[in-house]
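Reminder that position 108 of the sequence shown reads as 108 in this note's numbering, one-by-one numbering, no gaps.
Working notes, beginning with the structure itself.
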Amino acid sequence: PKPSRIVLTRSDVGSPATIRHAGYVSPRSAFDEYSISAYDLAMAPAGSYGDLDQEVSVAGSALEVKYFAVLAAGALAHAAGAAGTATPVDLTGIGDNAFGELARISVGGTSASEAIVVLSRGKYLDFVVAAAAAKLSAADVQSLAHKAAHRLNLAVAG
């Protein structure tokens, strides 16, 4: 399936939701620069989130996906650690090698929360970062992971 069929929709995140960007990008500008295909989505607002960014890519092999999934999880955790805290979230039962994290970032007296989800299945890598000024919870990360995994599973299985 095409990566564009895997991304979250406005109905997945709730109202209000405005798509700011949705389209295929050059693999050179994708997280996995060796991917065969990459699709980016940006929504702002995105339901209860101030903004949501998602990238779904198709790799040349499942091993490439595993490599970039680990890299994505580590890079996002490191970035949050520079200006805040990152807490792993248990995504047991979601499948798709789900990794989740809740980041709380403070810069110049302003705080924000980020829900981070990384999924991988076969040759597909899917990562989602949703930010909010309000404090997010582990349940927010789990809900986002369930929605993203549902989209991934529908597209890959169907």
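Cβ atoms here follow ideal geometry from the backbone N, Cα and C, with glycine treated the same way.
Note that the structure is predicted; figures quoted are calculated from it, not measured.
Comparing alpha-carbon positions, the option among Ala73, Gly108, Arg121 lying closest to isoleucine 94 turns out to be Arg121.
Here the stretch 93-109 does not lie against the stretch 14-24, with fewer than 3 beta-carbon pairs under 8 Å apart.
Serine 113 sits in a strand when the DSSP states are folded into three classes. The criterion of a C-beta distance shorter than 7 Å is not satisfied by serine 113 and lysine 147. Here DSSP, grouped into helix, strand and coil, assigns valine 156 to helix. By the neighbour-count criterion, in which a residue is buried when 16 or more other Cβ atoms sit within 10 angstroms of its Cβ, glycine 100 is buried. Here the C-alpha atom of leucine 63 lies approximately 31 Å from the C-alpha atom of arginine 10. In the three-state reduction of the DSSP assignment, tyrosine 34 falls in the coil class, being assigned neither a helical nor a strand state. When secondary structure is reduced to three states using DSSP, leucine 71 falls in the helix class. Fewer than three pairs of CB atoms, one per stretch, sit closer than 8 Å, so the stretch 66-73 makes no contact with the stretch 43-53. Ranked by Cα distance from phenylalanine 127, the options Ala86, Ile105, Val65 are led by Val65.
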